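Participant: Heads up: the protein sequence lines correspond to chains A and B, in order. Read left to right, the first sequence gives residues 3 to 243 (this note's numbering). Read left to right, the second sequence gives residues 69 to 486 (this note's numbering). Each residue gets a CB set at the ideal place from its N, CA and C atoms; glycine is no exception. Since the structure is predicted, the reported quantities are computational estimates derived from the model, not experimental observations. The structure follows.
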Amino acid sequence: MQGIEINHLEHRYGRKAALCDVNLRIPPGLYGLLGRNGAGKTTLMRILATLLPCTGGRVTVNGVPLAEAARVRAMVGYLPQDFAAWPRLTVRETLGYFGTLSGMGARDLQKRVPAVLAALHLQAQAGTKVRALSGGMLRRLGVAQAVLHDPPVLIVDEPTAGLDPEERVRLRALLAALAAQGRTVLFSTHIAADIEAVCTGLAVLDAGRVRYAGTVAGLKARTGAKTLEQAYLACVRGGDA
Amino acid sequence: MRLFLWECRRVLKSVSYWLFAAALVLFLYSQGALPVTEGGDAFVRPQPGDERGVLVPGGDEALIMPQAAATLLGAWQENRFTTYPPPLCVWRQVRLSETKHAALGEVLAALYGQDAAALPPCGPGAAGFLASADGTLVPAAGGDAAALPALRPGLTWEEFTAAMGKADRLLGGGSDWAPAGLGRKFGLVPARYADLLAEYEACMQHDRYTGAYARLFCDYAVLALALFGALPAVALFLQDAGARRGVRDAVWVRRVPTAGLVAARCAALLALEFLPILIMDAALTAYYAGRYGAGAIAPGAFLRYSVLWLLPTLALCVAAGALLTAATGTAAGAAVLPALGWLSIISHTGGLSDGSSYGSLLTPRHNTVGRFLVYQRNLPRLLAGRGAALALAGVLTAAAVWALRRRRKGVPLWRFGN
């Protein structure tokens, strides 16, 4: 099965439940994960990226269970919420190092690095040290490292947080373009407008539980709201939608 | 190999690496080892009179036995023993429990043929001994065996060494009374000019001027490595194993196996931290070739000694830095490991040139351009210590892989309770 399938996923931090009985089917395309801070979005994404174990349930990525971490890692590109890189390396060196960690050969890197830099409008910064990048450029470098090895599944954690409107629009468009190439792109945010602009499917996560999973239009219809933001608020205030 | 080269590039771009290299060179320069100039500690043919005040192991069992037994008795009477227990060989003051003290008393009773409690005081200042700075007893020149309590008549060397072995075990190992070191610690006799000359000739025959200077170079360099060698490793691992989740997750989600990542990084650190040593080796070899002539030096001496003497210490420092940082995700290694290095250094200040610290995992000392025969005699201990350091470095690296693998999966290193 292509995409991500999550069945009865649980995760606990000690005694505190971070995720409770999460069930989701995320098909290829751009899929939004909406929830307030502390809702469990990052925990879910880190589990999907094999950086956290699931304490219960079963998850597959393109049909491969998470227990096979090496295979899953080969298929997944991940942009962490607070992506950072080594300040003294240049943008090109950073991508070269990440690509090598992903098992890419010198020839692959020679082809992919310029292509990815071009796609993310970072060619002019290729020789710039990471410490000299703006917040928006750094976020784009984060996306670049995530897509460098051309993974079929992309997990991006709050990529638009803290960006100016122009950068936000640019990044959303970029994610939509990546999804249009047949990838499964899971995109988390607490800004409903970002999801409404580019996603068709979404899940609303609140206090570790899925409050809604379906389409953006479906959530608006169910709550009778005009905007996704209103629908989201109605959803999390009214319990299960 | 490509990952190794990338890690090398990252090491070369880190401030901590250049600080390490600068500290290493400055330390060696401050000790006068870059190079050893004429006059100071230069390696020269001994002149008559140079033997005055120099003590060398005599190897006379009749002298070793009463001195060793008396120092053990003196320490037992005060219940205060200095040891350097393996594997770290770090200084330790031992006070025995009542049971162990009584057991050691029985060992002494067997040596003297009478109740140890009835023997005369044999503490610091007892005939034939000097109290050293750290409170241990050091035999004075030649010692006065006659003034010491008499051992049981008929006591053989085999019985004596067996008793000393038992005493050393009771003390937890690494004491002055370990049978292997008895001949080095006790029964010292004044050196003779002919012996010094023979030692000089042997050194010239074996590895010439450069061998003598290389041993002194390694003696100082090993101190700098013990103090600063772990810092680049801590800094490099901290860059993505530390608290900055944004870097850490982007690296850990990659396909690269943990063992491959740790191995490439440790190899890069080892290679580049060793590089300044190799450069200094080449420069010093060229310098001494210029001073003494190419025929009077052994061209590979500096390289040989550096690999043998320094590489295991460096490997141990890098592995320990990797483990502590991978396991804790903190810079704790930057404080703990230099402190351990410092402890190891001060532990061996009592016997810098007698080969007694050759077994040390971190800081085997020689501290002179002379004493070639001490080096030759203790070479097996040096090799064993260096081998043990390399083996421990391997174990620590494997532990670093284990710790990083668990953290990479988000699994705690230790679980308490259920």
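What do you reckon, are the CB atoms on LEU340/B and VAL162/B nearer than 7 Å?
Facilitator: It is not a contact, given that the beta carbons lie outside the stated cut-off.
Participant: Roughly how many whole angstroms lie between the Cα atoms of TYR443/B and GLY423/B?
Facilitator: C-alpha separation (whole angstroms): 7 Å.
Participant: Does the beta carbon of ASP152/A come closer than 7 Å to any beta carbon on chain B?
Facilitator: So, not an interface residue.
Participant: Can you tell me whether ALA223/A is buried or exposed, with buried defined as 16 or more other CB within 10 angstroms of its CB?
Facilitator: Label assigned to ALA223/A: exposed.
Participant: At 3 residues or longer, and completely inside the segment 293 to 355 of chain B: list those beta strand (DSSP E) runs for me, N to C.
Facilitator: Complete beta strand (DSSP E) runs here, min 3: none at all.
Participant: Give the range of the alpha helix (DSSP H) segment to which ARG252/B is assigned.
Facilitator: 250 to 253 is the extent of the alpha helix (DSSP H) around ARG252/B.
Participant: Compare the C-beta of PRO67/A against all C-beta atoms of chain B and say whether one is closer than 7 Å.
Facilitator: With 7 Å as the cut-off, PRO67/A does not count as an interface residue toward chain B.
Participant: State the Cα-Cα distance for the pair TRP225/B and ASP128/B, rounded to the nearest angstrom.
Facilitator: The straight-line gap from Cα to Cα measures roughly 11 Å.
Participant: Helix or strand or just coil, what does DSSP make of LEU50/A?
Facilitator: Correct three-state label for LEU50/A: helix.
Participant: Enumerated in chain order, which unbroken segments of the alpha helix (DSSP H) with a length of 4 residues or greater are wholly contained in the segment 360 to 413 of chain B?
Facilitator: For the segment 360 to 413 of chain B, whole alpha helix (DSSP H) runs of length 4 or above, ordered along the chain, are 369 to 373 and 379 to 396.
Participant: Looking at chain A, is there any beta carbon in it that lies within less than 7 Å of the beta carbon of GLY478/B?
Facilitator: Closer than 7 Å: yes.
Participant: Should LEU337/B and PRO380/B be called a contact, given that it needs their Cβ atoms to be closer than 7 Å?
Facilitator: Going by C-beta atoms, LEU337/B is not nearer than 7 Å to PRO380/B.
Participant: If you draw a straight line from the alpha carbon of ALA402/B to that of LEU391/B, how long is it in whole angstroms?
Facilitator: Near 12 Å, if we compare the C-alpha coordinates of LEU391/B and ALA402/B.
Participant: Hey, does THR102/A have any beta-carbon neighbour from chain B nearer than 7 Å?
Facilitator: Taking Cβ atoms only, chain B reaches closer than 7 Å to THR102/A, which makes this a yes.
Participant: Near ALA309/B, which residues of its chain fall below 6 Å by C-beta distance, leaving aside the five closest residues on each side in sequence?
Facilitator: If we look at ALA309/B and ignore the five residues flanking it on each side, its Cβ neighbours are THR393, ALA394 and GLY397.
Participant: What first and last residue would you give for the alpha helix (DSSP H) that runs through SER84/B?
Facilitator: Element bounds for SER84/B: 83 to 98.
Participant: For VAL463/B, count neighbouring Cβ atoms within 10 angstroms of its own Cβ and tell me buried if that reaches 16, exposed if not.
Facilitator: By the neighbour-count rule (16 or more Cβ atoms within 10 Å), VAL463/B is not buried but exposed.
Participant: Buried or exposed: which applies to HIS2/A, given that a residue is buried once 16 or more other Cβ atoms fall within 10 Å of its Cβ?
Facilitator: Since the first and last residues shown for chain A are 3 and 243, residue 2/A lies out of range.
Participant: Determine the burial state of PRO487/B: buried for a count of at least 16 other Cβ atoms within 10 Å of its Cβ, exposed for fewer.
Facilitator: The structure shown has nothing for residue 487/B, since chain B only spans 69 to 486.
Participant: Quick check on DSSP: helix, strand or coil for GLU160/A?
Facilitator: In this structure, GLU160/A counts as coil in the three-state DSSP scheme.
Participant: I'd like the list of long-range same chain contacts for HIS416/B, defined as Cβ closer than 7 Å, with 5 residues on each side in sequence excluded.
Facilitator: Within the same chain, HIS416/B has close Cβ partners SER425, SER428, THR431 and ARG433.
Participant: Could you please give the first and the last residue of the uninterrupted beta strand (DSSP E) stretch that includes ASP236/B?
Facilitator: No beta strand (DSSP E) holds ASP236/B; the alpha helix (DSSP H) holding it covers 225 to 238.
Participant: I'd like to confirm the pairing. Which residues does DSSP put opposite PRO217/B in its beta bridges?
Facilitator: None, per the DSSP bridge assignment.
Participant: Does the segment 143 to 152 of chain B come into contact with the segment 281 to 298 of chain B, if we say contact requires no fewer than three beta-carbon pairs (one atom in each stretch) closer than 8 Å?
Facilitator: No, the segment 143 to 152 of chain B does not touch the segment 281 to 298 of chain B.
Participant: Give the DSSP-derived three-state secondary structure of THR45/A in the structure shown.
Facilitator: Three-state DSSP puts THR45/A in a helix.
Participant: Using 7 Å as the limit for Cβ to Cβ distance, is PRO167/A near chain B?
Facilitator: Cβ-Cβ to chain B under 7 Å: no for PRO167/A.
Participant: Is the separation between the beta-carbon of LEU97/A and that of VAL115/A shorter than 7 Å?
Facilitator: In contact: LEU97/A and VAL115/A (Cβ atoms closer than 7 Å).
Participant: Can TYR357/B and ILE365/B be called in contact, C-beta distance under 7 Å?
Facilitator: Reading off the sequence, residue 357/B comes out as Ala, not Tyr. Cβ distance < 7 Å, so ALA357/B and ILE365/B count as in contact.
Participant: How is ALA209/B classed by DSSP in three states: helix, strand or coil?
Facilitator: Caution is warranted here: a pLDDT of 46 is assigned to ALA209/B, below 50, making its placement in the model unreliable, and the coordinate value is therefore given only provisionally. The answer is coil: DSSP assigns ALA209/B none of H, G, I, E or B.
Participant: Quick check on DSSP: helix, strand or coil for ASP109/B?
Facilitator: If DSSP states are grouped into helix, strand and coil, ASP109/B belongs with coil.
Participant: Return the chain-ordered list of same chain residues with a C-beta closer than 6 Å to the C-beta of THR204/B, the five sequence neighbours on each side being excluded.
Facilitator: Because THR204/B carries a pLDDT of 43, less than 50, the predicted location of this residue cannot be relied on, and the following value inherits that uncertainty. Here the set comprises THR150.
Participant: Going by beta-carbon coordinates alone, are ASP118/B and LEU223/B separated by less than 7 Å?
Facilitator: Result no, Cβ atoms of ASP118/B and LEU223/B do not sit closer than 7 Å.
Participant: Expressed to the nearest angstrom, what Euclidean distance is found between the alpha-carbon atoms of ARG142/A and LEU156/A?
Facilitator: Rounded to whole angstroms, ARG142/A to LEU156/A spans 14 Å at the Cα level.
Participant: Output yes if chain B places a C-beta closer than 7 Å to the C-beta of ASN39/A; else output no.
Facilitator: Cβ-Cβ to chain B under 7 Å: no for ASN39/A.
Participant: Give a yes or no on whether 7 Å exceeds the smallest Cβ distance from ILE54/A to chain B.
Facilitator: Reading off the sequence shown, one finds Leu at residue 54/A, where the question assumed Ile. Taking Cβ atoms only, chain B reaches closer than 7 Å to LEU54/A, which makes this a yes.
Participant: Output the distance between the C-alpha atoms of ASP202/B and ALA178/B, rounded to the nearest integer angstrom.
Facilitator: Residue confidence is low: ASP202/B scores 41 on pLDDT, short of 50, so the model does not pin down where it sits. Its coordinate-derived value is still stated next. Approximately 28 Å, taken between the alpha carbons.
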